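Mapping to our numbering: the sequence shown position 186 is 1204, numbers consecutive.
No residue lacks a Cβ here, since even glycine has one placed at the ideal position from N, Cα and C.
In this text the structure is predicted, and so the values were computed from the model without any measurement.
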Amino acid sequence: MKKELSIAIIGAGAAGCFCAINLKRMLTSSNVHLFESKSKALAKVAVTGGGRCNLTNTFKGIKNLQEVYPRGEKLMRRALSVFSSEDTCAWFEKEGVKLVTQEDECVFPQSQDAMQIVNKLLYNIKELGIELHLNERVTSIDIKKWDKVVVTTGGHAMPQGFQLLEGLDIPIEMPVPSLFTFNVEGDWHQQLMGNVVDNVKAFIPGTKFRSQGSLLLTHWGMSGPAILKLSSYAARYLAERDYRSPLCINWMGGRTEQEVRQLLQEMKQDQAQKLVTSVYPQCFTSKLWGVLLDRMGIPMTQRWGALNTKHINRMLSVLIADIYQITGRCPFKEEFVTCGGVSLKAININTLQSKQYPSLYFAGEVLDVDAVTGGFNLQAAWSMGYVVAKHIFTSYQIINQKS
Ligand SMILES: Cc1cc2nc3c(=O)[nH]c(=O)nc-3n(C[C@H](O)[C@H](O)[C@H](O)COP(=O)(O)OP(=O)(O)OC[C@H]3O[C@@H](n4cnc5c(N)ncnc54)[C@H](O)[C@@H]3O)c2cc1C
1019 MKKELSIAII GAGAAGCFCA INLKRMLTSS NVHLFESKSK ALAKVAVTGG
1069 GRCNLTNTFK GIKNLQEVYP RGEKLMRRAL SVFSSEDTCA WFEKEGVKLV
1119 TQEDECVFPQ SQDAMQIVNK LLYNIKELGI ELHLNERVTS IDIKKWDKVV
1169 VTTGGHAMPQ GFQLLEGLDI PIEMPVPSLF TFNVEGDWHQ QLMGNVVDNV
1219 KAFIPGTKFR SQGSLLLTHW GMSGPAILKL SSYAARYLAE RDYRSPLCIN
1269 WMGGRTEQEV RQLLQEMKQD QAQKLVTSVY PQCFTSKLWG VLLDRMGIPM
1319 TQRWGALNTK HINRMLSVLI ADIYQITGRC PFKEEFVTCG GVSLKAININ
1369 TLQSKQYPSL YFAGEVLDVD AVTGGFNLQA AWSMGYVVAK HIFTSYQIIN
1419 QKS
């Protein structure tokens, strides 16, 4: 007679719930228990995407997965080959959730309501007879008590969050925050709050960390996609330096020195009679251009035609390599994740199974996998939850075919 599997999933977030539902559908005879320390399951999903839930991304235009998964790119390549973003869209649409794709390739429920995703998953959990244990914090793992244990406890900013793994000797990569905005030295940005430059290149001098995208000036410093991506790429580097580091901005979207020099020479020639304050590159607002002129040390009364070589060089250096000082970080309210977690060295990245304990699995942000903003983090949770469900199902079938 086939054995009924008894499975414990610890953490009823995106990865845990998705794993439980798919597993129970594949292995209807299994007893799936889902443990959640809070009074509600999927509490984080309810607030994702500012309450709209950016549940995935089309991945169009992503040439290298490392761009979006700075940690866990290899694992995600395998997981996406098993359960892709197309599979996510098809899965939710089959459940009756209509989806919309924005111009920036982010996918949301058409209702623009994260609760539609939460309620759909909760409905499935109930309908399938998955036993949801709310208000039950698991403090240690008794592997022998269960046939399979899946840990989906999410990211934790502090190492204490991984307490339940104590005793199992599982290596943990030190957790640090990812996806934050930069506090920048000085108060010059306060008057520029809300100014956006569509395409800048941001990088940390002397490192390989660089990103491109739009930049938003805030009361405390800088935000926007270019900064959030850079905070993700350099999460560990910046944490080690207590969030103090120089930051270099190419305000001209990565245009080369030669290209910008040519543009400035053309402006000098074509706009000779105009004041430097009245004509400037299109990407700037007049307020931001005024602040940059100040950084260049060029008087507001100067005319383009009167700029000498020294002026042009000073303009050039601010436009393509403007140096600021990061003095701290601020959480990005729309989304933040943890860099670090269970080391990928401890698991088989194809099956998400522990190398030490074959009946133990990990999925979601508890692993040292995290992404930039844009729906990639939830996609990681769906893909990994599915991979674990499928592997438990397949290995069960193999064992039963043999016996
Ligand atoms: C404000 C905000 C907005 C976000 N918006 C987006 C977005 O729009 N798109 C996107 O892709 N990503 C977004 N993210 C990131 C995304 O929500 C996470 O990456 C994702 O939820 C991770 O899923 P998970 O299941 O691994 O962890 P979680 O969703 O964190 O779930 C883990 C669960 O485990 C429970 N738990 C922890 N320890 C225990 C224990 N010992 N015993 C029992 N239960 C336990 C927790 O209470 C929690 O419910 C956002 C994050 C935040 C904070």
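With respect to 7 Å, is the separation between the Cβ of residue i and the closest non-hydrogen atom of ligand 1 below this value?
i	result
residue 982	Because the chain in this structure spans residues 1019 to 1421, residue 982 falls outside the shown range and cannot be described.
residue 1354	yes
residue 1395	yes
residue 1028	yes
residue 1138	no
residue 1053	yes
residue 1152	no
residue 1043	no
residue 1383	yes
residue 1155	yes
residue 1163	no
residue 1056	yes
residue 1062	yes
residue 1220	no
residue 1182	yes
residue 1274	no
residue 1097	no
residue 1446	Because the chain in this structure spans residues 1019 to 1421, residue 1446 falls outside the shown range and cannot be described.
residue 1399	yes
residue 1065	yes
residue 1199	no
Rank the options by C-alpha distance to the C-alpha of residue i and give the top, closest one.
i	options	result
residue 1135	1148, 1117, 1152, 1124	1117
residue 1306	1234, 1372, 1323	1234
residue 1038	1420, 1415, 1223, 1411	1411
residue 1114	1257, 1331, 1142	1142
residue 1162	1396, 1386, 1376	1376
residue 1168	1365, 1300, 1339, 1137	1365
residue 1103	1125, 1213, 1082, 1092	1125
residue 1285	1258, 1246, 1207, 1326	1326
residue 1283	1418, 1334, 1061, 1036	1334
residue 1034	1414, 1396, 1420, 1417	1396
residue 1301	1232, 1079, 1106, 1058	1232
residue 1262	1296, 1271, 1249	1249
residue 1041	1409, 1236, 1416	1409
residue 1130	1139, 1119, 1152	1119
residue 1348	1245, 1077, 1199, 1209	1199
Please classify residue i as buried or exposed, where buried requires at least 16 neighbouring CB atoms within 10 angstroms.
i	result
residue 1225	exposed
residue 1088	buried
residue 1031	buried
residue 1067	buried
residue 1148	buried
residue 1090	buried
residue 1160	exposed
residue 1243	buried
residue 1315	exposed
residue 1392	buried
residue 1150	buried
residue 1247	buried
Given a cut-off of 8 Å on the beta-carbon distance, is the pair residue i and residue j in contact?
i	j	result
residue 1182	residue 1170	no
residue 1154	residue 1054	yes
residue 1354	residue 1086	no
residue 1337	residue 1278	yes
residue 1229	residue 1350	no
residue 1367	residue 1092	yes
residue 1070	residue 1132	yes
residue 1194	residue 1358	yes
residue 1097	residue 1401	yes
residue 1202	residue 1319	no
residue 1297	residue 1210	no
Just checking, does the region 1377 to 1385 make contact with the region 1267 to 1282 on the three C-beta pairs under 8 Å criterion? When C-beta atoms of the region 1377 to 1385 are compared with those of the region 1267 to 1282, fewer than three pairs fall below 8 Å, so the two segments do not count as touching.
Would the region 1205 to 1221 and the region 1250 to 1270 be scored as touching if the rule is three or more Cβ pairs under 8 Å? Contact between the region 1205 to 1221 and the region 1250 to 1270 is established, with three or more Cβ pairs separated by less than 8 Å.
So, do the region 1019 to 1028 and the region 1044 to 1053 have three or more beta carbon pairs nearer to each other than 8 Å? Under the three-pair Cβ rule at 8 Å, the region 1019 to 1028 counts as touching the region 1044 to 1053.
When you compare the region 1186 to 1205 with the region 1245 to 1265, are there three or more beta-carbon pairs, one atom per stretch, that lie closer than 8 Å? Cβ pair count under 8 Å is three or more, so yes.
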